[in-house]
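Since the structure comes first, as structure tokens, the remarks are kept for the end.
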Amino acid sequence: MITVESVDKHYEDFHALRGVDLEIASGSLTALLGPSGSGKSTLLRVIAGLEVPSSGRVILDGEDVTNLAPQQRGIGFVFQHYAAFEHMSVRDNVAFGLKIRRRPKAEVKEKVDELLRVVGLDGYQQRYPSQLSGGQRQRMALARALAIEPAVLLLDEPFGALDAKVRAELRTWLRRLHDEVHVTTVLVTHDQEEALDVADTIAVMDAGQIAQAGRPRDLYDAPASEFVMSFLGPVARLGGGLVRPHDLDLSLEHREGATEAQVQRVVHLGFEVRVELLPADAPAGAEPVVAQITRAEAETLELQAGDIVWVRAPLGQVPGVVAA
Amino acid sequence: MREQSRTTRLGLRVLALGYLALLLGIPVGLVLYRTFEHGAGAVWSSVTTPAAIHAFQLTLEIAAIAVPLNTVLGVLTALVLVRGRVRGKPVLEAIVDLPFAISPVVVGLSLVLVYGRTGWLGPWLTDHGIQIIFSLPGMVIATVFVSLPFVAREVTPVLREIGDEQEQAAATLGASSWQAFWRITLPAIRWGVAYGVVLTVARCIGEFGAVSVVSGKVAGESETLTLLVEKRFGNFDLAGAYAASALLALIALATLLLMTRLNPRKEGRP
Chain Y
1 MITVESVDKH
11 YEDFHALRGV
21 DLEIASGSLT
31 ALLGPSGSGK
41 STLLRVIAGL
51 EVPSSGRVIL
61 DGEDVTNLAP
71 QQRGIGFVFQ
81 HYAAFEHMSV
91 RDNVAFGLKI
101 RRRPKAEVKE
111 KVDELLRVVG
121 LDGYQQRYPS
131 QLSGGQRQRM
141 ALARALAIEP
151 AVLLLDEPFG
161 ALDAKVRAEL
171 RTWLRRLHDE
181 VHVTTVLVTH
191 DQEEALDVAD
201 TIAVMDAGQI
211 AQAGRPRDLY
221 DAPASEFVMS
231 FLGPVARLGG
241 GLVRPHDLDL
251 SLEHREGATE
261 AQVQRVVHLG
271 FEVRVELLPA
281 DAPAGAEPVV
291 AQITRAEAET
301 LELQAGDIVW
311 VRAPLGQVPG
321 VVAA
Chain F
1 MREQSRTTRL
11 GLRVLALGYL
21 ALLLGIPVGL
31 VLYRTFEHGA
41 GAVWSSVTTP
51 AAIHAFQLTL
61 EIAAIAVPLN
71 TVLGVLTALV
81 LVRGRVRGKP
91 VLEAIVDLPF
101 AISPVVVGLS
111 LVLVYGRTGW
121 LGPWLTDHGI
131 QIIFSLPGMV
141 IATVFVSLPF
151 VAREVTPVLR
161 EIGDEQEQAA
171 ATLGASSWQA
181 FWRITLPAIR
191 WGVAYGVVLT
201 VARCIGEFGA
211 VSVVSGKVAG
221 ESETLTLLVE
231 KRFGNFDLAG
241 AYAASALLAL
251 IALATLLLMT
261 RLNPRKEGRP
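Chains Y and F supply the protein sequences, listed in that same order. Under UniProt numbering, the first residue of the first sequence is numbered 1, with each subsequent residue one higher. Under UniProt numbering, the first residue of the second sequence is numbered 1, with each subsequent residue one higher.
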């Protein structure tokens, strides 16, 4: 279990972390999600010991490690840009931590081969990092971090430098790996889809603070603030409140609680149809409200640009979120 | 239009090559030509006189002390400049470049002012029977001074480029700073170090001004190859001067060839 207690981090002219309290359960896969500059990477580096907090405590499995160097924390760390040891073969990269610990040669070899099998790099032992693709390098970095059997695995935007397809593959793979290895894992990401996909707990960060932490579904269904709601998925603003575009209900006749709006554009995205609406009471130059409906609904309504529709949010569907 | 640009290109090439030939190629070529004008036998006897052999040995001796010193110091300086969390880095950086900016003759004179018989530390040194100026220590100090920046200057950009993530990764894997330096940082900067060492060697062997001031120029005692060339030239022993020059040029050539062989681009991997 990782406990972060009222951690503050000041840089010269920047307040990166503001009284962060967070508990991360043993064996969980937790995502620190937030926009750039929200402090998520700094928090991860504080947990790793790569940054020293200005105040507050970090407790790993009951031991206060706030003043311990990263070497003594028993953590594995994976960097966004791999931090591969370029002058070493894949085998030597993965073996690094074990060699530092002076493990017997036979044990090191066995362990490295096993880990390379786990991460799908069997047969790449003699290669050098420059001969690997980005995805392969990151899997090598993961094997290297896992070799020392860390109590905690920390991943700093591990898939951020990869293209979309490899990224999606790797996060599915990471989820499976976590289900096998069960090491407490913290993943930093700015990609809400990635967080929702792999994590069993999400902590959303905003301006150096935890905005909300909990299970992905709870955060999605019951966001504590507009920030959390808008960060976890697409939103539309209607009548002063925020709603999910797919929760918007369109009809051709006036109904209780509905707002009149003009259809500006209808976009067919395969199964889904996106309708851009301009509410009648919207001020000039306002952004259109985007509603997401199914193809069947769109065909029933026979919507076209210029049509007048009535749009409403399902009542009671968005507890807790109102316009500021 | 195309004709014109071709003429321009040709003109530029002729200009660049002509410039190099006039300033570098022809003079060095002439030295070699003049050296072997009267046959290899004359050259051999001229570079095997006791004074010449001693000058050759002394030159290598000074380089053998100055180069390792400046290598260790240069890497250390680069580490402080790039990784260190110290104030006044711009000042340190300016100090590292100082030997480039100051004329070697001035370096020699300033060493005399500090370590000479009447210098600032002179009386104390004399009392303890230590002689620095007009002996090997002074020549070594002068050479160390003028060749100080090369390793630091070559290693600094390489350190900046590789960044500190590999070192951080090593730390999270349990490596101490010392282990991280030997196993990660040093292998990563080795080409920069090697290149800096080659330049330092070349500078140490070719140094004239600063060494000239502090050496005393006693043949067979405190005379380096460059000083020997100057003396022979001054004594109208042109053939002897050319022979010694050729020897210097040969050492320089050997160092340069070594550097080309060290060039990382020739290797299959970084």
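Each residue gets a CB set at the ideal place from its N, CA and C atoms; glycine is no exception.
Supposed close pair residue i, residue j - CB separation, criterion 8 Å
i: F/Ala55; j: F/Glu165; result: At roughly 49 Å, the Cβ-Cβ gap does not stay under 8 Å, so F/Ala55 and F/Glu165 are not in contact.
i: Y/Phe79; j: Y/Arg144; result: With 8 Å as the limit, Y/Phe79 and Y/Arg144 do not qualify as a contact, their Cβ atoms being about 11 Å apart.
i: Y/Met205; j: Y/Ser38; result: 4 Å
i: Y/Ala211; j: Y/Ala291; result: The Cβ separation is near 26 Å, so there is no contact.
i: F/Val146; j: F/Val193; result: Rounded, the Cβ-Cβ distance is 19 Å, inconsistent with contact.
i: Y/Thr184; j: Y/Gly27; result: 6 Å
i: F/Thr255; j: F/Val201; result: 5 Å
i: Y/Leu146; j: Y/Gly49; result: That belief does not hold up - the Cβ atoms of Y/Leu146 and Y/Gly49 are roughly 18 Å apart, past 8 Å.
i: Y/Gln131; j: Y/Arg91; result: About 13 Å separates the two Cβ atoms, so there is no contact after all.
i: F/Val91; j: F/Arg160; result: No, F/Val91 and F/Arg160 are not in contact; Cβ-Cβ is about 19 Å, not under 8 Å.
Interface flag, residue i vs chain F, CB-CB below 8 Å
i: Y/His87; result: yes
i: Y/Phe79; result: yes
i: Y/Ala323; result: At Y/Ala323 the pLDDT is 38, less than 50, meaning the model places this residue with poor confidence; the figure from the coordinates comes in the next sentence. Output row for Y/Ala323: interface = no.
i: Y/Pro70; result: yes
i: Y/Ile24; result: no
i: Y/Ile100; result: yes
i: Y/Phe271; result: no
i: Y/Arg144; result: yes
i: Y/Leu50; result: yes
i: Y/Ala83; result: yes
Proximity winner among the options, relative to residue i (alpha-carbon distances)
i: Y/Pro35; options: Y/Arg274, Y/Glu157, Y/Tyr124; result: Y/Glu157
i: Y/Arg45; options: F/Val31, F/Val201, F/Ala169, F/Ser5; result: F/Ala169
i: F/Tyr101; options: F/Gly129, F/Gly234, F/Val112, F/Leu148; result: Residue identity differs from the one stated: residue 101 of chain F is Ala in this sequence, not Tyr. Considering only alpha carbons, the answer is F/Leu148.
i: F/Ala171; options: Y/Val188, Y/Gly74, Y/Ser55; result: Y/Gly74
i: Y/Leu115; options: Y/Leu187, Y/Glu12, Y/Ile148, Y/Val7; result: Y/Ile148
i: Y/Gln264; options: Y/Pro234, Y/Ala298, Y/Ala305, Y/Met229; result: Y/Ala305
i: F/Gly138; options: F/Gly108, F/Ala94, F/Leu20; result: F/Gly108
i: F/Ser212; options: F/Arg117, F/Leu199, F/Val197, F/Val229; result: F/Val229
i: Y/Ala213; options: Y/Leu174, Y/Phe231, Y/Ala203; result: Y/Ala203
i: F/Asn70; options: F/Ile141, F/Ala180, F/Gln57, F/Ile184; result: F/Ile141
i: Y/Gly240; options: Y/Leu33, Y/Ala313, Y/His254; result: Y/Ala313
i: Y/Ser133; options: Y/Val309, Y/Ile24, Y/Val166; result: Y/Val166
i: F/Thr49; options: F/Thr77, F/Arg6, F/Ile205, F/Ala241; result: F/Ala241
i: F/Ala42; options: F/Ala252, F/Ile251, F/Ala243; result: F/Ala243
i: F/Leu24; options: F/Ala249, F/Leu258, F/His128; result: F/Ala249
Short CB-CB distance (under 8 Å) between residue i and chain Y
i: F/Glu230; result: no
i: residue 351 of chain F; result: This structure gives no information on residue 351 of chain F, because the portion of chain F shown stretches from 1 to 270.
i: F/Leu24; result: no
i: F/Ser176; result: yes
i: F/Gly220; result: no
i: F/Leu173; result: yes
i: F/Glu165; result: yes
i: F/Ala169; result: yes
i: F/Gln179; result: yes
i: F/Ala188; result: yes
i: F/Arg184; result: Before going further, note that residue 184 of chain F is Ile rather than Arg in the sequence given. Chain Y contact via Cβ: present.
With 16 other Cβ atoms within 10 Å as the buried cut-off, status of residue i
i: F/Gly268; result: Caution applies to F/Gly268, whose pLDDT of 41 falls short of 50 and renders its modelled position unreliable; the value that the coordinates give is listed next. Exposed: under 16 other Cβ atoms inside 10 Å.
i: Y/Glu63; result: exposed
i: Y/Ala31; result: buried
i: Y/Pro319; result: Bear in mind that the predicted position of Y/Pro319 carries a pLDDT of just 43, short of 50, making it unreliable; the figure below should be weighed with that in mind. Under this definition Y/Pro319 is an exposed residue.
i: F/Thr143; result: buried
i: Y/Lys40; result: buried
i: Y/Phe271; result: exposed
i: F/Tyr195; result: buried
i: F/Ile130; result: exposed
i: Y/Phe159; result: buried
i: F/Ser245; result: buried
i: F/Val72; result: exposed
i: F/Arg265; result: Confidence at F/Arg265 is low in this model, with a pLDDT of 49, below 50, so the placement of that residue is unreliable and no value is reported for it.
Extent of the continuous beta strand (DSSP E) to which residue i belongs
i: Y/Trp173; result: Premise fails: Y/Trp173 lies in the alpha helix (DSSP H), 164–181, not in any beta strand (DSSP E).
i: Y/Leu153; result: 152–156
i: Y/Met229; result: Here Y/Met229 belongs to no beta strand (DSSP E); instead the alpha helix (DSSP H) covers 226–232.
i: Y/Leu29; result: 29–33
Span of the alpha helix (DSSP H) around residue i
i: F/Tyr115; result: 104–115
i: F/Pro99; result: 89–101
i: F/Val197; result: 186–206
i: F/Trp44; result: 40–47
i: F/Ser177; result: 177–180
i: F/His54; result: 50–83
i: F/Ala167; result: In the sequence as displayed, the identity of residue 167 of chain F is Glu instead of Ala. Looking at the DSSP string, the run of the alpha helix (DSSP H) that includes F/Glu167 is 165–172.
Distance cut-off 7 Å: residue i Cβ against heavy atoms of the ligand GTP
i: Y/Trp173; result: As presented, the structure is devoid of all ligands, the ligand GTP included, so that no description of it is given.
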